[in-house]
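Protein chains in written order, with this note's numbering: chain A, 1 to 241; chain B, 242 to 617.
The beta carbon of each residue, even a glycine, is placed where N, CA and C say it ideally should be.
Read through the structure below, which is laid out as structure tokens, and then see the notes.
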Amino acid sequence: VIGGRTSRPGRWPWQCSLQSDPSGHICGCVLIGKKWALTVAHCFEGRENAAVWKVLFGINNLDHPSAFSQTRTVKRIILHPRYNRAVVDYDISIIELDEEINETSYVRPVCLPSKDQVAKPDTYCYITGWGHVGNRMPFKLQEGEVRIIPLEQCQSYFDMKTITSRMLCAGYESGTVDSCMGDSGGPLVCEQSEGRWTLFGLTSWGSVCFSKVLGPGVYSNVTHFADWIQKQIYSYTFLLN
Amino acid sequence: CVPSTSCSEPCSGVSNCVTHNQTDCSQCELINLELCMNLPYNYTTFPNYLGHRTQKEASLSWESSLFPALVQTNCYKYLMFFACTILVPKCDPEKNQQIPPCRSLCEHSKERCESVLGVVGLQWPEDTYCTQFPEDNNGNKTCLMPDQDVKECSPSHFRCRSGRCILTSRRCDGQSDCEDDSDEKNCGCTERGLFECPSSKVCIKHMMICDGFPDCPGNFDEKNCSFCKENEMVCGNHECVHRNQWCDGHKDCKDSSDEWGCVTLSKSTNPESLLIVHKSTADYHVCADDWEEELSWMACRQIGLGGPPVTEIVKEYNQSHRRKWLHLVPNWKRKNISTLQAALVRGQPCRSKSRVSLLCNKEDCGRRPAARMNKR
């Protein structure tokens, strides 16, 4: 996260780290149920084998796993069948964990939006991740506040890329706070009523975040996929085992 | 990995070695960079002439935004061809060898377009020193020059009559993007080889019709896709399945849609709601005979809610009113069922004349721990 700050441990209990040996952290992910997490499809390009991945929860410092952290291996990766790597459209995938997480105050799922619940333009939400901070890769989880930007306005920043309804834009024209390489798959969450946080976006793509080209970040629009996510989880939980 | 002796999957695009060095990775790969899909070659190799290590890095680079924007100024007919030869350099699949653009192509691009960039205060990309590229061919194909018929705009761009390239999504959007308005002419879907969504002007590709994903407003592209018999139901993917197989606990549609939404709770002002199971295209109440708590858990989980459930057995006083009931199959525990609907059958008498009512809890989500307080 560019322009963010180091997060307090346990502040974002749904944030997880998708890791593969020997590289370690490769992408972010988001816990949405005891056995299910979301990330973006492009994290699995060339590595679709579930066996090579593990998922870390309840972690703040990647270098010092705490007593509150939990690790799970991946049972199944469900890529969106329309994922298009050339235009980074339908960039979403579901991860089934090998076993349920133990819910604690450090490891807890985020709420999913209903299919008519949208992130309203000009509202402020948060992004988190262990991605690039501009001059280095951080060990500690970073957080940044971003503003939701209407799609038409967002398209004006990306003259040569198509912004589709499967995407959500957030950030600032000046790029002061933005997600960056390594944040992919991590959450964009907005606070709803009663202090509950809902997942509206997954970090997907943007301009080269620490270059001269600025603009907002582009996130997978979770609302668009709400129905697909629910049906996949239902089918794999009740019908295929 | 160099210099250590650890082993890693080579050339995956992700650097696994501690020193982040991956050597001998210059293998040809298919071009997937959207901007450069119209090249007279299909294979590329990395790193490219701008120092990008992968196509993804190239696609998100400053240069991949800069060059297409510059094309719009009409500064040089072959600018985009040159840009692509350095963004996704040609790879000779036989020799696994990178083929650079010719020096004159680089020089012409720079001569004609660098000054245009200067007007808006931008600089010609670094790392594009033309002297690094070989002099023009003398019949040998050691460097690339454009053919006469090279297209200036990539497939995801529309070429204005004036020569400018604009993003395809800007064509026919009601706003003129070409100076000659050519992007707002001939806008019918059919004229563009696309399908027009009924009752809207939205155009979609023909391959998107009846593919199981709604693209038109009102889901019109996913309607009238099947011709099922009277005793059949339509699956989400447009297969036809016999109505008796709908919500029977077995997946009959390939996309499982025959088993979706089979268990619900009736809308009620009371905390508890009657359990309703959809089976063979009709809604049924569930007879409370031999009901067990385990089934209440299963019902709540299927609905997408959690527990612990509160189960209530509701007596049916109105005996004259004929209810539709489902009844538990004998020995359902031995049948290794995974859904409630698989444990229920029609046509059995309900001895208790009572139905099942449930209160499920919403699974907790989205809560952050409260900040710890410290006395100061």
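On the DSSP bridge assignment, give the partners of residue i in chain order.
{"i": "N61 (chain A)", "result": "A:K140"}
{"i": "N84 (chain A)", "result": "A:D89"}
{"i": "Y370 (chain B)", "result": "In DSSP, Y370 (chain B) forms no bridge with anything."}
{"i": "Y319 (chain B)", "result": "DSSP, once it has assigned bridges, lists no residue as partnering Y319 (chain B)."}
{"i": "Q15 (chain A)", "result": "A:V30"}
{"i": "R5 (chain A)", "result": "A:E143"}
{"i": "L600 (chain B)", "result": "B:V551"}
{"i": "W53 (chain A)", "result": "A:S20"}
{"i": "N221 (chain A)", "result": "A:G201"}
{"i": "F399 (chain B)", "result": "B:I407"}
{"i": "W487 (chain B)", "result": "None; W487 (chain B) has no bridge partner."}
{"i": "K556 (chain B)", "result": "B:S595"}
{"i": "Y124 (chain A)", "result": "A:R147"}
{"i": "F436 (chain B)", "result": "B:I445"}
{"i": "S514 (chain B)", "result": "B:L599"}
When the cut-off is 8 Å and only beta carbons count, does residue i lie next to chain A?
{"i": "R353 (chain B)", "result": "no"}
{"i": "T260 (chain B)", "result": "Unreliable positioning characterises T260 (chain B) in this predicted model, as indicated by a pLDDT of 42, which lies under 50. The coordinate reading is nonetheless provided below. Not an interface residue."}
{"i": "W199 (chain B)", "result": "This structure cannot settle anything about residue 199 (chain B), because the visible part of chain B is limited to 242 through 617."}
{"i": "T264 (chain B)", "result": "Its pLDDT being 45, under 50, T264 (chain B) is placed unreliably by the model, and nothing is read from it."}
{"i": "R617 (chain B)", "result": "no"}
{"i": "F461 (chain B)", "result": "no"}
{"i": "L320 (chain B)", "result": "no"}
{"i": "E275 (chain B)", "result": "yes"}
{"i": "F323 (chain B)", "result": "no"}
{"i": "Q543 (chain B)", "result": "yes"}
{"i": "S356 (chain B)", "result": "no"}
{"i": "S521 (chain B)", "result": "no"}
{"i": "F454 (chain B)", "result": "yes"}
{"i": "S410 (chain B)", "result": "yes"}
{"i": "S441 (chain B)", "result": "no"}
{"i": "L515 (chain B)", "result": "no"}
{"i": "S215 (chain B)", "result": "Only positions 242 to 617 of chain B appear in the structure, and residue 215 (chain B) is not among them; the question remains open."}
{"i": "S497 (chain B)", "result": "yes"}
Identify the continuous beta strand (DSSP E) that holds residue i and give its terminal residues.
{"i": "K331 (chain B)", "result": "331-333"}
{"i": "A523 (chain B)", "result": "523-527"}
{"i": "Q70 (chain A)", "result": "70-79"}
{"i": "T505 (chain B)", "result": "504-506"}
{"i": "W36 (chain A)", "result": "36-39"}
{"i": "W365 (chain B)", "result": "It is not in any beta strand (DSSP E) - W365 (chain B) carries neither H nor E in the DSSP assignment."}
Provide the residue span of the alpha helix (DSSP H) that contains residue i, from first to last.
{"i": "M449 (chain B)", "result": "Note, M449 (chain B): premise wrong, no alpha helix (DSSP H); not H, not E."}
{"i": "P349 (chain B)", "result": "Per the sequence presented here, residue 349 (chain B) reads as His, with Pro not at that position. Per DSSP, H349 (chain B) belongs to the alpha helix (DSSP H) from 344-360."}
{"i": "F308 (chain B)", "result": "303-312"}
{"i": "W473 (chain B)", "result": "Trp is not the amino acid found at residue 473 (chain B); the sequence shown has Glu there. Taken as a continuous stretch (DSSP letters only), E473 (chain B) belongs to no alpha helix (DSSP H), being part of the beta strand (DSSP E) at 473-475."}
Can you check whether the C-beta of residue i is within less than 8 Å of a C-beta belonging to chain B?
{"i": "K231 (chain A)", "result": "yes"}
{"i": "Y219 (chain A)", "result": "no"}
{"i": "L239 (chain A)", "result": "yes"}
{"i": "P13 (chain A)", "result": "yes"}
{"i": "S184 (chain A)", "result": "no"}
{"i": "P150 (chain A)", "result": "no"}
{"i": "G201 (chain A)", "result": "no"}
{"i": "S105 (chain A)", "result": "yes"}
{"i": "G10 (chain A)", "result": "yes"}
{"i": "C16 (chain A)", "result": "no"}
{"i": "T198 (chain A)", "result": "yes"}
{"i": "V1 (chain A)", "result": "no"}
{"i": "S235 (chain A)", "result": "yes"}
{"i": "V243 (chain A)", "result": "A question about residue 243 (chain A) goes unanswered here, because the residues of chain A that appear run from 1 up to 241."}
{"i": "S179 (chain A)", "result": "no"}
{"i": "H224 (chain A)", "result": "no"}
{"i": "T6 (chain A)", "result": "no"}
{"i": "S207 (chain A)", "result": "yes"}
{"i": "P109 (chain A)", "result": "yes"}
Between residue i and chain D, is there a C-beta pair that is closer than 8 Å?
{"i": "R147 (chain A)", "result": "Given the protein chain composition of this structure (A and B), no chain D is represented."}
To test your reading of the DSSP string, which unbroken alpha helix (DSSP H) runs of 4 or more residues are found completely within the stretch 143-205 of chain A? 151-157
The stretch 162-175 of chain A: which residues have C-beta closer than 7 Å to a C-beta of chain B, in chain order? T162
With 9 Å as the C-beta to C-beta threshold (strictly closer), list the residues of the stretch 18-39 of chain A near chain B in chain order. S20, D21, P22, S23, I26, I32, G33, K34
Listed from N- to C-terminal order along the chain, which residues in the stretch 576-610 of chain B have their beta-carbon within a distance smaller than 8 Å of any beta-carbon of chain A? S579, T580, E604, D605, C606, G607, R608, R609, P610
Near-chain A residues of the stretch 479-495 of chain B (beta-carbon distance less than 7 Å), N- to C-terminal order: K492
Please list the residues of the stretch 113-142 of chain A that have a C-beta atom closer than 7 Å to any C-beta atom in chain B, keeping them in chain order. none
Counting only Cβ-Cβ distances shorter than 7 Å, please list the residues of the stretch 61-93 of chain A near chain B, keeping chain order. R82, R85, A86, V87
Contact residues within the stretch 410-426 of chain B, judged by C-beta distance below 7 Å to chain A: S410
With 7 Å as the C-beta to C-beta threshold (strictly closer), list the residues of the stretch 275-303 of chain B near chain A in chain order. E275, L276, L301, S302, W303
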